[in-house]
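Only one structure is covered here, and it is reproduced in the block below.
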Amino acid sequence: MKLNTSRFGEIEVNEEEIITFSDGLFGFEDIKKYIIFQMEDDNPLMWMQSIEEGSLAFILIRPFEFNPNYSLQLSDNDVEELGLTSPDDSDIFGIVVVPEDPSKMTANLQGPVVINRVLKKGKQVISTSPKHKLKHFILDEMKSNLG
Amino acid sequence: MLVLSRKKNESIMIGDDIEIVVIEIKGDQIKLGVKAPRNVTVHRAEVYEEIQAENRKAATTPKQLTGLGSLFSQFKKK
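Quick look at the structure:
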């Protein structure tokens, strides 16, 4: 199918790649369908473009890109809603906020996005770990963890 | 909204399997205990509001993000 977006113009979307968030994201409960794609080669940031609203897109990053020790404990309820049978089927992302100074971009690990790659289901969950904050300064953490 | 008065150590039931107990009352702060099945998630209301606000900020990312990739080039694996 073809999709008109404000950022990427008209794009071709493979319907099998569409991820359904039955609860939407917090604050965007009515938007249920997204497509995730890589921003560009050699860049860990991904786009999550809404199917239903062409002007809505989020930037995502895998927490492992800036914190190799990242782990997330999912609640039984989250596992059930996502239909996850194995951790290998899951993909985890933090939603990124890019401020005016992009070097201060942050990832939200308190409310990470979890995807079931097999069933193409997604959910924004809430982490109960005190290690997971609303704002993780991505480049600072990359420097201290990988630098 | 249903409003109930409770004293210390008293509780309310929500449905058959969720119990909220008043554990301690100190000044303008009360400590609550929640007994609920494992599949029921319990969070402070602020957590939801903060994540909503953070999502809204994330959604206002400008159209043009040229040069973002170069910020990561210093970390490229050799």
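First to last, the sequence lines map onto chains A and B. Residue -14 is where the first sequence starts when you use this note's numbering, and the numbers rise one by one after that. Residue 6 is where the second sequence starts when you use this note's numbering, and the numbers rise one by one after that. Glycine is no exception: its CB is placed at the ideal position from the N, C-alpha and C atoms. Since the structure is predicted, the reported quantities are computational estimates derived from the model, not experimental observations.
Proximity winner among the options, relative to residue i (alpha-carbon distances)
| i | options | result |
| --- | --- | --- |
| Val39(B) | Met6(B), Glu55(B), Lys31(B) and Ile17(B) | Ile17(B) |
| Asp86(A) | Val52(B), Thr66(B) and Asn60(B) | Thr66(B) |
| Met31(A) | Gly9(A), Lys105(A) and Gly79(A) | Gly79(A) |
| Ala58(B) | Pro72(A), Leu69(A), Leu10(A) and Gly68(A) | Leu10(A) |
| Asp26(A) | Pro42(B), Glu55(B) and Ser75(B) | Ser75(B) |
| Lys13(B) | Gln34(B), Ile23(B) and Ala63(B) | Gln34(B) |
| Val98(A) | Ile111(A), Lys89(A) and Lys18(A) | Ile111(A) |
| Asp61(A) | Asn52(A), Tyr55(A), Pro72(A) and Pro53(A) | Pro72(A) |
| Phe22(A) | Val64(A), Glu(-3)(A), Leu104(A) and Asn54(A) | Glu(-3)(A) |
| Val213(A) | Thr91(A), Glu2(A), Asn130(A) and Ile100(A) | Past the edges of chain A, shown from -14 to 132, lies residue 213(A), and the structure says nothing about it. |
Contacts that residue i makes with chain A (C-beta to C-beta distance below 7 Å)
| i | result |
| --- | --- |
| Val26(B) | Per Cβ cutoff of 7 Å: no residues; Val26(B) is ~20 Å from chain A at best. |
| Leu76(B) | Pro87, Ser88 and Leu124 |
Close Cβ partners of residue i (< 6 Å) along its chain, the five nearest in sequence each way excluded
| i | result |
| --- | --- |
| Ile28(B) | Lys36 and Gly38 |
| Asn(-11)(A) | Glu(-5) and Gly39 |
| Ile44(A) | Leu30 and Val81 |
| Asn93(A) | Gly79, Ile80 and Leu119 |
Contacts that residue i makes with chain A (C-beta to C-beta distance below 9 Å)
| i | result |
| --- | --- |
| Ile35(B) | Under the 9 Å cutoff, chain A gives no residues; its nearest Cβ is about 21 Å from Ile35(B). |
Under 8 Å from the C-beta of residue i: neighbouring residues of chain B
| i | result |
| --- | --- |
| Gln34(A) | What Gln34(A) touches in chain B: nothing, since even the nearest Cβ is about 11 Å away. |
| Ser60(A) | Arg43, Asn44 and Thr46 |
| Ser127(A) | The question names Ser, yet the displayed sequence has Met at residue 127(A). What Met127(A) touches in chain B: Phe77 and Phe80. |
Own chain, CB closer than 8 Å to residue i, minus 5 neighbours either side, in chain order
| i | result |
| --- | --- |
| Lys83(B) | Summary for Lys83(B): the model assigns pLDDT 42, below 50, so the residue's position carries little reliability; its value from the coordinates is reported in the next sentence. Taken in chain order, the list of residues that qualify is empty. |
| Ser14(A) | A small correction: the amino acid at residue 14(A) is Glu; Ser does not occupy that position in the sequence shown. Within the same chain, Glu14(A) has close Cβ partners Asp8. |
Other residues of its chain near residue i: CB distance less than 7 Å, five sequence neighbours each side excluded
| i | result |
| --- | --- |
| Leu104(A) | Gly68 |
Can you list the beta strand (DSSP E) stretches of 3 or more residues lying completely in the stretch 21 to 50 of chain A, in chain order?
For the stretch 21 to 50 of chain A, whole beta strand (DSSP E) runs of length 3 or above, ordered along the chain, are 31 to 35 and 42 to 46.
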